[in-house]
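Asks: Take a look at the following structure, please.
Protein chains in written order, with this note's numbering: chain A, 80 to 862; chain B, 2 to 149.
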């Protein structure tokens, strides 16, 4: 039971989340909570080798093991033409390996048994004879002529997947030739993983009597999953129902289709009973899609007085064994060309090369719009280095180069049209709130005493809300989104959307949008997502796209309902439709505010007293194709102190001033910012997935891949400015990912600001204490 | 791939040491934490051993093959096997030379470990693998000394 909050005109109010009474009392229903009669359990045998030929697989002992109902290998799937499946990036990926494995923990065989324990035990009995092959871990070595070719199935005999570029090469080169100052820096964004609390999993339930497949899956994009399943298996799409129940965190990890899903479906089709597959933590980190893993080199051409003229970026992208990055077809490096950021460069040129290595596939948008975090981190890091070389305050350099507010809509040198912004206002608010001048004074005093204190700034611009259909698609499906609203006779509303929340608070925010548009209380509106049999088709929740797309669809769908309601109101008020005015709460007669009817009156009439010529009922559907993306931005400031003895960095203060346009629910925005900052903090200081030379994953668990607890996490301060998006129906922009996109650079810039006296310009993340300690020792600061 | 190496002197003539280290019946029992040993012929044996790295405890099945590279002085040993979803591949070589008072045995082992044991053992694996391999050669020395 949700808490009653009979708030009218709810837009912009910090209304408590309708989903919380369910979720915080443990009453959420996640995929592993689904228990069906006769349900069996699936476990997957994975490769210990990063690269090996499979000589032979003997499943006889596993088949004879207690409780085992089915053992599947790649050969079994090949007979059904299912040994390979398409990826979201237009490549193919092995479901279960046939002739060779390409990464450690790759799926090799599967066992279905009566209990999970039986299935786990039985996979140990499968004998696989591997012939180890030379392993390629480093993407630069993958390009060397003597490197083994990993993808023998592909026509192109190279580990190079694609080359992509944006901007104007010649114009950029011309500026660089003349530039008085050129700053160049290599920056690595390490391989990380979204690592949601709930790993991936599904229950495939094929009903032999009805011929229908119900597929429960922890999914950020249930409609896309339905279509992908239909495309992969040939199963008729109208006989597939995908249900994404409560999702225990996604962060991009739950957009792709994983081999375990296909195997569970095949097993249920073969056995005619439900089959459940739930990953272990290690399987989640070591085999499902990673994020980042970019090797970036940026060069900035500038004048001596601090005007940045041009940007040149070269990037090697490690995509692992299969090209499975979740990006729109046209953009293999996502929206990475947003790398010019908040600055008015005359020209820019960006190149990215995708490379195969013996690592798991991926490149998901981990709490960021496609590859935007990499871009934002790079530009914000290198701008700080430019400031250092010019001996300028990083604030001053930023203010001198910002896109000015009168330049919006602004066309960037790589072709994006920024919708709105006032970067100077936002940065100045942040400087004032943090007390920048005093902090610099304090820092100078501390430096004189030999203490290490740093202040780091990041003034990022995001690009979210994919997207206009002419440019954006997933698997060819255009990236619109949708809402369907039904108003019942008693004036109560059910709204269904094509997106699928995983903690973003859609049940509350979308209810606020709809209640606001219809003059109802949010208690009158229930929001439902995640069931493809009931919700209209949509592309899902990731890349901060829900409010920009489905939020817009919800507002416009409600307005469509209001248009019809006006006709019915005119009938009830016995006036011409032109004489009816809507004041946000009721319809009244122009000039006679006392004569009015509410939306509830109209709803009842829509089923009981409909005028001739009007269809009964009160419902509408809206598919929204945004005219452009939205460009949220922010100014973040971190203040750190470094322990000279250990190199440990303490984040003393962190202020995030965000501008995400109009805010629907400030409490939810603040919560999203807190969550994203915590993830950005983890990436900056704790997280990395390294591989040894044999391709062994060295962080496939939460002992080695660290997730911050409340004890590790600094206290967050937040504020905001509001620059509405001019093209969004309610002026909103999306915020879920800004803190993850914008914060890593602020943390790292702060650490390097503290180390400035030693001339250190860059350290790659994660900034472990030992990295700082080594530098301090080299400079004789510590023993 | 990790490489481990070492050397020791045995107070015995080279021929005797050679005969010992090329005989599966003699080398087999030198594998530490042995649960089961099955000598197939003079050059081949298989064994089941207890393994523990970090939080992982379990059993490995290993197939070992001995071969002569340079009769009387250089022999090779390949070890292949695994368990618990993990694999181990090792190529070791032992070189004998005459020194005052006996025979010098120099050994070198190139080892690849794969699977969860390499991942989960994380940074512990290097020391653990070194310990096991050193133990093999320490056992060899003990057995050789005892046979003197």
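Built from N, CA and C at the ideal position, the CB exists for glycine as well.
So residue 268/A is in the beta strand (DSSP E); what residue range does that whole segment cover?
Replies: Your numbering for residue 268/A matches position 189 in the first chain. That run of the beta strand (DSSP E) goes 260–271.
Asks: From which residue to which residue does the beta strand (DSSP E) around residue 491/A run?
Replies: Here residue 491/A refers to the residue found at position 412 when the first chain is read from its first residue. Careful: residue 491/A lies outside any beta strand (DSSP E) and carries neither H nor E.
Asks: Going by the C-beta, is residue 164/A closer than 7 Å to any heavy atom of the ligand FAD?
Replies: This structure lacks the ligand FAD; in fact it carries no ligand of any kind.
Asks: What residues in its chain sit with their C-beta under 8 Å from that of residue 645/A, if we drop five residues either side in the sequence?
Replies: Your numbering for residue 645/A matches position 566 in the first chain. Within the same chain, residue 645/A has close Cβ partners 656, 659, 661, 666.
Asks: I need the straight-line Cα distance from residue 93/B to residue 8/B, nearest angstrom please.
Replies: One-based indexing of the second chain puts residue 93/B at position 92. One-based indexing of the second chain puts residue 8/B at position 7. Taking the straight line joining both Cα atoms gives about 13 Å.
Asks: Taking its Cβ as the centre, do 16 or more other Cβ atoms sit within 10 Å of residue 490/A, making it buried, or is it exposed?
Replies: Mapped onto the first chain, residue 490/A falls at position 411. When all chains shown are included, residue 490/A counts as exposed.
Asks: At a Cβ threshold of 8 Å, is residue 773/A touching chain B?
Replies: Position 694 of the first chain holds residue 773/A. At least one chain B Cβ lies under 8 Å of residue 773/A.
Asks: Along the region 109–129 of chain B, what residues have a CB closer than 9 Å to any CB found in chain A?
Replies: Here the close residues are 113, 114, 115, 116, 117, 118, 119, 120, 121, 123, 124, 126.
Asks: Can a CB atom of chain A be found closer than 8 Å to the CB of residue 62/B?
Replies: What you label residue 62/B is simply residue 61 of the second chain in a count that begins at 1. Taking Cβ atoms only, chain A never reaches closer than 8 Å to residue 62/B, which makes this a no.
Asks: Closest by CA to residue 430/A, which one among 439/A, 801/A, 411/A?
Replies: Along the first chain, one-based indexing puts residue 430/A at 351. The shortest C-alpha separation from residue 430/A is found at 411/A.
Asks: Alpha carbon to alpha carbon, how far is residue 672/A from residue 664/A? Give it in angstroms, no decimals.
Replies: In the first chain, the residue the question calls residue 664/A occupies position 585. In the first chain, the residue the question calls residue 672/A occupies position 593. Approximately 12 Å, taken between the alpha carbons.
Asks: Mind checking which residues open and close the beta strand (DSSP E) that includes residue 116/A?
Replies: In the first chain, residue 116/A corresponds to position 37, counting from 1. Neither: residue 116/A is in no beta strand (DSSP E) and is coded neither H nor E.
Asks: Within the 8 Å Cβ cut-off, does residue 365/A reach chain B?
Replies: Taking the first residue of the first chain as 1, we reach residue 365/A at position 286. Closer than 8 Å: yes.
Asks: Beta-carbon of residue 82/A versus every beta-carbon of chain B: anything under 8 Å?
Replies: Along the first chain, one-based indexing puts residue 82/A at 3. Any reading at residue 82/A needs caution, since the residue's pLDDT is 48, under 50, leaving its predicted position unreliable; the model's value is listed next. So, not an interface residue.
Asks: Since residue 239/A sits in a beta bridge, which residues does DSSP pair it with?
Replies: Your numbering for residue 239/A matches position 160 in the first chain. Residue 239/A pairs with 434/A.
Asks: Check the Cβ-Cβ distances between residue 87/B and every residue of chain A, and say whether any is below 8 Å.
Replies: Looking up residue 87/B in the second chain gives position 86. Interface residue, yes.
Asks: Please report the straight-line C-alpha distance between residue 20/B and residue 773/A, rounded to a whole angstrom.
Replies: Here residue 20/B is taken as the residue at index 19 of the second chain, counted from 1. Here residue 773/A is taken as the residue at index 694 of the first chain, counted from 1. If I take the Cα positions, the gap works out to 35 Å.
Asks: Assign residue 287/A to one of two classes, buried (16 or more other C-beta atoms within 10 Å of its C-beta) or exposed (fewer than that).
Replies: Along the first chain, one-based indexing puts residue 287/A at 208. Classification for residue 287/A: exposed.
Asks: Residue 83/B versus chain A: which residues are under 8 Å apart at the beta carbon?
Replies: Within the second chain, the letter at position 82 stands for residue 83/B. Residues of chain A passing the Cβ test: 127.
Asks: How close, in whole Å, do the beta carbons of residue 198/A and residue 151/A come, if the pair is a contact with beta carbons under 8 Å?
Replies: Indexing the first chain from 1 puts residue 198/A at position 119. Indexing the first chain from 1 puts residue 151/A at position 72. The Cβ separation is near 12 Å, so there is no contact.
Asks: Quick check: what's the CA-CA separation for residue 158/A versus residue 207/A?
Replies: If you number the first chain from 1, residue 158/A lands on position 79. If you number the first chain from 1, residue 207/A lands on position 128. For residue 158/A and residue 207/A, the distance between alpha carbons rounds to 20 Å.
Asks: Drop a sphere of 10 angstroms on the beta-carbon of residue 160/A, count the other beta-carbons inside from all chains shown, and report buried for 16 or more, exposed for fewer.
Replies: Your numbering for residue 160/A matches position 81 in the first chain. Under this definition residue 160/A is an exposed residue.
Asks: What residues in its chain sit with their C-beta under 6 Å from that of residue 654/A, if we drop five residues either side in the sequence?
Replies: To locate residue 654/A, count along the first chain from 1; it is residue 575. The residues are 668.
Asks: Does the Cβ-Cβ distance between residue 534/A and residue 508/A come in under 8 Å?
Replies: If you number the first chain from 1, residue 534/A lands on position 455. If you number the first chain from 1, residue 508/A lands on position 429. Contact flag unset, no.
Asks: Which of the three DSSP states, helix, strand or coil, is assigned to residue 528/A?
Replies: Position 449 of the first chain, counting from 1, holds the residue named residue 528/A. In the structure shown, residue 528/A sits in coil (DSSP, three-state: anything other than H, G, I, E or B).
Asks: Kindly indicate which residue of 272/A, 169/A, 175/A, 171/A has the alpha-carbon position closest to the one of residue 162/A.
Replies: In the first chain, the residue the question calls residue 162/A occupies position 83. The candidate whose alpha carbon is nearest that of residue 162/A is 175/A.
Asks: Counting only beta-carbon separations shorter than 8 Å, does residue 91/B have a partner in chain E?
Replies: Among the protein chains in the structure shown, which are A and B, there is no chain E.
Asks: Measure the C-alpha to C-alpha separation of residue 54/B and residue 129/B and round it to an integer number of angstroms.
Replies: Indexing the second chain from 1 puts residue 54/B at position 53. Indexing the second chain from 1 puts residue 129/B at position 128. About 7 Å.
Asks: Give, in chain order, every residue of the region 210–223 of chain A whose Cβ lies closer than 8 Å to some Cβ of chain B.
Replies: Under the 8 Å Cβ criterion, the region 210–223 of chain A contributes 211.
Asks: Should residue 769/A be flagged as near chain B, meaning a C-beta pair shorter than 8 Å?
Replies: Counted from its first residue, the first chain places residue 769/A at position 690. No - not a single Cβ of chain B is within 8 Å of the one on residue 769/A.
Asks: Among 793/A, 795/A, 761/A, which one has its Cα closest to the Cα of residue 781/A?
Replies: Translated into the one-based positions of the first chain, residue 781/A becomes position 702. That would be 761/A, whose Cα lies nearest to the Cα of residue 781/A.
Asks: Which same chain residues end up closer than 6 Å to residue 134/A when comparing Cβ atoms and leaving out the 5 residues on each side of it in sequence?
Replies: Working through the first chain from its first residue, we reach residue 134/A at position 55. Closer than 6 Å at Cβ, skipping near neighbours: 208, 210.
Asks: For residue 7/B and chain A, any beta-carbon pair shorter than 8 Å?
Replies: Position 6 of the second chain, counted from the start, is the residue given in the question as residue 7/B. Taking Cβ atoms only, chain A never reaches closer than 8 Å to residue 7/B, which makes this a no.
Asks: Assuming residue 275/A and residue 329/A are in contact, meaning their beta carbons sit under 8 Å apart, how far apart are those beta carbons, in whole angstroms?
Replies: Here residue 275/A is taken as the residue at index 196 of the first chain, counted from 1. Here residue 329/A is taken as the residue at index 250 of the first chain, counted from 1. 6 Å between Cβ atoms; contact.
Asks: Who are residue 60/B's beta bridge partners in DSSP?
Replies: Counting from one through the second chain, the residue named residue 60/B turns up at place 59. According to DSSP, residue 60/B bridges with 51/B.
Asks: Can you list, in chain order, the residues of the region 183–203 of chain A whose Cβ is nearer than 9 Å to any Cβ on chain B?
Replies: Here the close residues are 183, 184, 202, 203.
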